[in-house]
Amino acid sequence: MQADIDTLDPDAPIFAPQAFRLSDREADLIAKSRRFGRHTLAPRAANHDRDATFPIENFRDMHREGLLGICIPHEHGGSGADFKTYCLAAAEMARYCGSTALSWNMHVCSTLWSGALADDLEMSAADRDAHRARRDIHYRRILDNGAVYSQPFSEGGAAAAGGVAFGTEARPVDGGFLVNGRKIFASLSGAADYYGVLCTERSEGGAASRRNTLYLAIPADAAGVSVTGDWDPLGMRATVSRTLVLSDVFVPETAMLLPRGVYFLAATRWPHMFLTLSPTYLGLAQAAYDFTIAYLRGEMPGALPVKRRMFPTKQIAVAEMHIQLEQTKALWFQAVSEAGANPTKQQVLRAYAAQFSVMENALAIAAKAIRTCGGQAMLKNLALERIFRDSRCGSLMLPWTAEICLDRIGREALYETDETDE
Ligand SMILES: Cc1cc2nc3c(=O)[nH]c(=O)nc-3n(C[C@H](O)[C@H](O)[C@H](O)COP(=O)(O)OP(=O)(O)OC[C@H]3O[C@@H](n4cnc5c(N)ncnc54)[C@H](O)[C@@H]3O)c2cc1C
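First residue of the sequence shown: 93, per our numbering; consecutive thereafter.
Structure below.
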């Protein structure tokens with residue numbers, strides 16, 4: 093068991109293993125991610141942010157470190173991290189480069205959803221056997237060749253929020269599917285080897301239904317795949333989330349990352365699957381707080397060694413940031429710890445509350461860090477300016493944007509399923 097490190101260490105674990113009762117295995121995987129972030133990601137982050145370029149070398153290094161396969165089940169040769177362990181590892185990585193952690197999440201979800209989540213859901217024995225054989229193809233590409241997967245779901249309409257069927261369609265043809273559609277905000281566009289696309293399986297003349305959602309791994313070099321548009325956003329610049337266009341792209345049946353019907357089942361029975369964007373923003377909240385402590389103590393590398401901690405207003409601001417961070421961590425830790433199949437209504441409401449709190453509080457803490465540290469702290473030679481811009485993106489991310497979380501908590505707290513006022 094790792095000793096809990098002095099909290100003044102800016103690289104101390106966000107969740108100290110002893111205090112949060114982590115097993116040695118969990119703590120080791122999480123520490124590996126933190127070390128990787130500190131030594132490999134941090135020195136590269138500013139350049140990729142400035143140029144809005146994708147840090148593909150980070151993913152090559154992740155392959156060497158075994159981090160691309162963190163959630164690939166043991167039976168397939170991966171590290172077999174469960175949902176909670178992955179979330180804690182991702183939060184650690186995000187302290188050093190938010191864009192890489194967010195992009196890593198898109199990759200890891202292709203293995204977590206097809207791995208531990210799928211194992212938790214009902215399916216026929218035949219479907220399970222076929223799924224195991226198919227996912228092994230994907231996992232071998234990742235473990236043996238360092239293949240990187242992405243997760244372009246958003247289309248600019250109501251589909252990514254779960255309201256209607258995806259407009260991207262897969263028409264069954266001999267031996268596979270013909271896929272047509274357009275995905276916006278496709279992080280890792282131009283860099284991923286496979287795009288994990290959600291689309292609607294639809295035969296000629298058939299109606300579109302969310303129940304027929306397919307999750308397909310489309311090779312980046314398949315005929316008919318192209319990336320369009322530019323990418324010059326406020327934050328998360330190194331995710332390079334351009335537009336993906338799919339025109340009559342043929343993929344074989346083995347491209348299915350989940351069996352037919354299982355994505356819809358997962359979305360309804362395993363809703364915490366949509367909490368996986370939050371670890372990045374929890375890490376950013378921690379990074380903004382750590383920056384403030386180091387800066388006010390006069391210990392921030394790259395800044396003048398001037399102490400500012402003796403002013404009562406700084407101390408009050410730090411106390412407020414500390415309380416907000418601890419509140420956020422406590423709620424989020426509970427939500428990621430209890431994630432699983434068939435959660436109770438209260439657990440789902442708590443997951444929405446955790447997502448909302450992380451996304452909104454990361455931005456609030458980063459904004460307060462700038463106000464408290466002062467003008468020199470928002471210069472681009474220090475990380476806080478990037479952390480602030482990156483943290484702005486969290487509450488916008490579908491399917492659980494801050495607004496959607498509020499909307500659902502309010503409605504579901506007041507109404508039972510199928511209850512109306514008529
Ligand atoms: C840095 C970054 C990286 C991203 N990477 C990816 C990626 O890799 N893959 C991917 O699929 N997407 C990705 N996204 C996209 C993201 O998840 C959203 O789809 C995108 O931000 C939506 O933008 P929009 O303006 O089209 O939202 P809109 O759909 O126009 O929604 C605007 C707002 O309206 C509200 N709203 C929408 N629907 C509802 C509803 N049903 N009920 C109540 N309120 C609603 C929400 O608050 C939402 O924020 C990324 C976004 C960012 C910022």
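Heads up, the beta-carbon is just placed ideally off N, CA and C, and yes, glycines get one too. These numbers were taken from a predicted model, which means no experiment stands behind them.
With the rule of 3 Cβ pairs closer than 8 Å, the segment 462–473 does not count as touching the segment 307–318. Judged by beta-carbon spacing, L417 lies within the 8 Å limit of Q378, meaning their Cβ atoms are closer than that value. The residue among Q447, R442, V271 and G486 with its C-alpha nearest the C-alpha of A505 is R442.
Cα atoms of R500 and Y444: separation of roughly 8 Å, rounded to the nearest angstrom. G467 sits in a helix when the DSSP states are folded into three classes. Here the segment 266–285 makes contact with the segment 331–349; the two share three or more CB pairs at distances below 8 Å. Relative to ligand 1, F448 has its C-beta separated by 7 Å or more from all heavy atoms. Across the set T372, S115, T360 and N139, the C-alpha of T360 shows the shortest separation from the C-alpha of V440. Beyond the five residues adjoining it in sequence on each side, R478 comes within less than 6 Å, by CB distance, of D141 in the same chain, given in chain order. For E504, there is no enclosing beta strand (DSSP E); the residue is part of the alpha helix (DSSP H) that begins and ends at A494 to L506. Here the alpha carbons of A182 and S125 stand approximately 7 Å from one another. As for any beta strand (DSSP E) of minimum length 3 sitting wholly inside the segment 166–221, there is none.
A distance below 6 Å between beta-carbons, with the five flanking residues on each side excluded, links T331 to the following residues of its chain, in chain order: S191, L194, S195 and S279. For T346 and L308, the gap between their C-alpha atoms comes out near 9 Å. The C-alpha of F258 is placed about 7 Å away from the C-alpha of T305. C291 has L306 as its beta-bridge partners, per DSSP. In this structure, N150 and R127 do not form a Cβ contact; the two beta carbons are roughly 14 Å apart against a cut-off of 8 Å.
For M348, DSSP records a beta bridge to L308. The criterion of a C-beta distance shorter than 8 Å is not satisfied by L160 and I122. By the criterion of a C-beta distance shorter than 7 Å, F356 is surrounded in its chain by R302, R303 and T305, once the five residues flanking it on both sides are discounted. Contact fails between the segment 209–218 and the segment 261–268, because fewer than three Cβ pairs, one in each stretch, are under 8 Å apart. In terms of Cβ geometry, P344 and G268 form a close pair [threshold 8 Å]. Here E261 is bridged, per DSSP, to N272 and T292.
Secondary structure note for T320: its beta strand (DSSP E) is the uninterrupted segment V317 to T320. Linking A222 to G255 through their CA atoms gives a straight-line distance of about 30 Å.
In the DSSP assignment, no residue is bridged to A427. At least one heavy atom of ligand 1 lies closer than 7 Å to the C-beta of G255. From the listed residues W492, Y287, A411 and F342, the smallest Cα separation to L369 is found for W492. Taken atom to atom, the span from the alpha-carbon of L488 to that of A458 is near 16 Å.
Here V354 has A210, L213 and M215 as same chain residues with Cβ atoms under 7 Å from its own Cβ, once five neighbours each way along the sequence are excluded.
Contact check for G486 against A454 passes: the beta carbons are separated by less than 8 Å.
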